[in-house]
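Structure first, commentary second.
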Amino acid sequence: MAASPLLGGAVSESLWIIEPLAVAGAGLLVTGLVVGFAALAVTIRVGKPADDTGTRRRWSQMTQHYFDVFGHDMGRPIRRILGKERDVRARLAESKKSVDPAVQELLDEIEQQAPTFRLMVSNIQVLVQLEDEGSRPQTDPVAPAQVVRNVVDRYVGIGRERGINLSWWSEPAEFGLEYCDAAALDHIVTNLIDNAVRYAGSQVEVRLTRNPTHFFVRVWDDGPGIPEHFLPHIFDRGWTPEVASRQERTTSGLGLHIARTLARRAGGDLTVDTVVAGNPAHHTAFTLALPRVNPDHASGNR
Amino acid sequence: MMTAARREKVLIVDDEAGSDLMNSVRRKLDREGFETVVVHPQSKLASGDDFEAEALMAIDTVRPSAVLLDVRFGDHPDDRFKGLGILRKIVEKAPDLPVLMFTQYARGPQRDTAAAGSLRFNSSVDFIDKLASPDEVALRLRRLIGRTPELIRIGDDYVVDGQAGVVYAVRGGERSPIRSVQGMKFSILLELASAWYRSPGELVPFWKLERFSEGEDSRASLRVRVREIKDALGEAAGKKYGPADLIVNVRNRGYVLVVPK
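Chains as they are written, first to last, in my numbering: chain X, 1 to 302; chain Y, 303 to 563.
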């Protein structure tokens with residue numbers, strides 16, 4: 001291979017990254033197809049007669065199985081792409097040579113899309129699960145602070161790359177256990193923080209609190225806020241601000257819809273308060289409220 | 303490269319331990335001061351049972367501080383959840399040994415099966431999915447192991463030595479002590495650095511830091527000390543830190559350490 005005038009011979013050999021990128025493109029195409037299939041599947045299900053519950057249940061389980069296999073198989077090429085990208089990044093860092101900004105941008109884009117991909121696959125899986133009328137939320141002893149901590153781990157580095165400080169705290173400091181669906185809580189908090197890091201100016205703050213009946217996760221960002229005419233739509237399935245402005249979509253628009261559905265299914269809610277740019281106090285804050293279940297009444301399934 | 307005095311060993315049990323993705327995790331752990339040891343069964347066609355035998359042997363010979371364990375060992379039906387079987391054996395053998403399960407089942411019934419398997423054991427077991435960044439894997443291992451090292455590296459610019467009570471500025475691979483950060487100021491910095499090491503982004507409330515300040519208005523005294531720490535660290539690295547840099551006051555509730563970009 002000819003040496004790159006910008007990067008030198010050793011580095012230009014790394015440009016086989018183009019091939020994995022083609023695989024990434026194919027991956028995104030397949031993801032698109034799956035989203036389409038999910039929508040179609042749901043439409044078909046809605047059209048089915050209500051008394052055909054046995055068939056519907058089997059169909060639902062089959063769909064769920066299909067998406068599990070899909071999620072698993074899709075993980076493989078994505079892991080390969082990510083592995084190559086991180087390898088190239090490490091070799092570039094070791095060579096200490098200046099890197100063409102376009103190459104750096106490409107590597108950053110792959111790295112930044114990884115959590116989006118991760119969330120998209122898991123959003124689709126949750127969506128399928130939610131459509132399964134036979135599935136019920138699980139109730140486990142969960143440390144909400146641990147859930148927030150793990151999700152912040154994932155986004156603190158992404159935020160830092162974008163110049164955003166992500167911080168969190170709980171009141172009381174030792175928050176202890178609550179009884180709820182651990183996977184649902186993790187999923188809701190992930191979607192809210194993903195959203196906040198996407199739109200924040202420079203700060204995202206996550207606060208965990210409780211009162212005698214509920215516990216709350218509030219995710220606040222200092223972004224431009226949500227215009228009033230968007231508010232009725234933000235929890236709609238498939239809605240993103242890009243849809244309204246007819247721009248290229250960067251997310252699936254499933255996150256907030258799924259988050260609110262999960263919250264309500266658990267007997268809680270997800271609400272938003274926002275002040276739009278123009279006011280110095282502009283911000284957006286989503287508050288998740290989940291009921292505090294008495295452990296004696298919890299239906300532990302593990 | 304800066305390493306802790308004693309390198310914690312992490313045993314990697316994964317049939318794809320040589321993949322680029324796993325290499326990036328190993329590279330990160332190495333930079334963090336961990337020593338990674340990979341389990342290598344002798345046969346190239348090793349089954350899940352071979353990995354199990356080698357892993358159990360390595361726990362005796364390597365004496366790791368934690369294990370990074372794959373859930374799936376190939377496509378054979380017996381090996382799809384082999385990692386859970388290996389986990390059970392590890393827990394029987396070394397109940398206190400933290401295990402981080404590396405899985406691609408982010409959600410769904412298979413993940414629930416995997417999680418339910420882990421919850422049967424009263425041990426330090428956690429799950430992380432394979433698309434997690436190396437930083438995330440390192441953080442989860444730090445928490446599972448639960449020990450803060452003597453040397454905490456803050457980005458590329460500083461090293462906090464908790465044992466010696468000194469913070470160093472690092473420039474061009476050379477360390478030079480920042481002598482003006484001592485006593486209570488060092489204690490404040492160490493508290494913030496230790497919290498950041500275990501859980502970046504987690505606020506350290508005022509009440510935890512005010513014991514390192516004095517005077518009638520301990521909050522004001524704390525504010526002055528934090529300002530002095532930021533100035534001293536900034537000067538040593540040739541930087542000027544503003545309110546949203548290095549040590550940030552959040553909502554008048556506490557401080558959080560933010561690693562310089």
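For each residue, glycine too, the CB sits at the ideal point set by N, CA and C.
The DSSP-derived three-state label of R162 (chain X) is coil.
Between R218 (chain X) and T287 (chain X) the beta-carbon gap is near 5 angstroms, inside 8 angstroms, which marks them as a contact. Look at the beta carbons and you see the segment 136-143 of chain X not touching the segment 455-464 of chain Y: under three pairs across the two are nearer than 8 angstroms. Among the CB atoms of chain X, one or more fall inside 7 angstroms of the CB of R329 (chain Y). In the three-state scheme derived from DSSP, where H, G and I count as helix and E and B as strand, A289 (chain X) is classed as strand. Here the C-alpha atom of A145 (chain X) lies approximately 18 angstroms from the C-alpha atom of L494 (chain Y).
Among the residues facing chain Y, N191 (chain X) is not included, as its CB has no counterpart in that chain under 7 angstroms away. Each residue's CA atom was taken as its position, placing F508 (chain Y) and K395 (chain Y) some 43 angstroms apart. Spatial neighbours of E334 (chain Y) in its own chain (CB-CB distance under 6 angstroms, excluding positions within 5 residues in sequence) are listed in chain order as A440. R237 (chain X) and L254 (chain X) do touch by the CB rule: their CB atoms are close to 6 angstroms apart, below 8 angstroms. Contact check between the segment 356-374 of chain Y and the segment 433-450 of chain Y: three or more CB pairs, one atom from each, fall below 8 angstroms, which counts as touching. The three-state reading of DSSP puts Q203 (chain X) in strand, counting E and B together. Taking 7 angstroms as the Cβ-Cβ cut-off, the segment 160-172 of chain X approaches chain Y at R160, N165, L166, S167, W168 and W169, given in chain order.
Here G225 (chain X) is not bridged, per DSSP, to any residue. In the three-state scheme derived from DSSP, where H, G and I count as helix and E and B as strand, N150 (chain X) is classed as helix. The beta-carbon of V156 (chain X) is placed less than 7 angstroms from the nearest beta-carbon of chain Y. The beta carbons of R309 (chain Y) and E337 (chain Y) sit about 4 angstroms from each other, so the pair counts as a contact at 8 angstroms. Residues of chain X with a Cβ closer than 7 angstroms to the Cβ of K432 (chain Y) are, in chain order, G75 and R79.
In summary, the residues of the segment 366-397 of chain Y whose CB is separated from some CB of chain X by less than 9 angstroms are R374, in the order they occur in the chain.
Within 10 angstroms of the beta-carbon of V69 (chain X) lie fewer than 16 other beta-carbons, which makes it exposed.
Listed by position along chain Y, the residues whose Cβ is nearer than 7 angstroms to that of V152 (chain X) are G503.
In the DSSP assignment, the residues bridged to A471 (chain Y) are Y:Y460 and Y:S478.
For a cut-off of 8 angstroms, the C-beta gap from G556 (chain Y) to V156 (chain X) is around 16 angstroms, too long to register as a contact.
Under the three-state reduction of DSSP output, T55 (chain X) falls in the helix class. If you look at L548 (chain Y), you'll find it isn't in any alpha helix (DSSP H); DSSP assigns it neither H nor E. Of the residues Y:R529, Y:G448, Y:E476 and Y:E512, the one whose Cα lies closest to the Cα of S482 (chain Y) is Y:R529. Within the segment 85-96 of chain X, contact with chain Y at the beta-carbon level (separation under 7 angstroms) is assigned to R86, D87 and A90.
At a cut-off of 7 angstroms between C-beta atoms, H283 (chain X) does not count as an interface residue with respect to chain Y. Listed in chain order, the alpha helix (DSSP H) elements of length 4 or more contained wholly in the segment 436-460 of chain Y are 436-447.
The way I'd put it, the segment 531-545 of chain Y does touch the segment 460-475 of chain Y; three or more beta-carbon pairs between them come closer than 8 angstroms.
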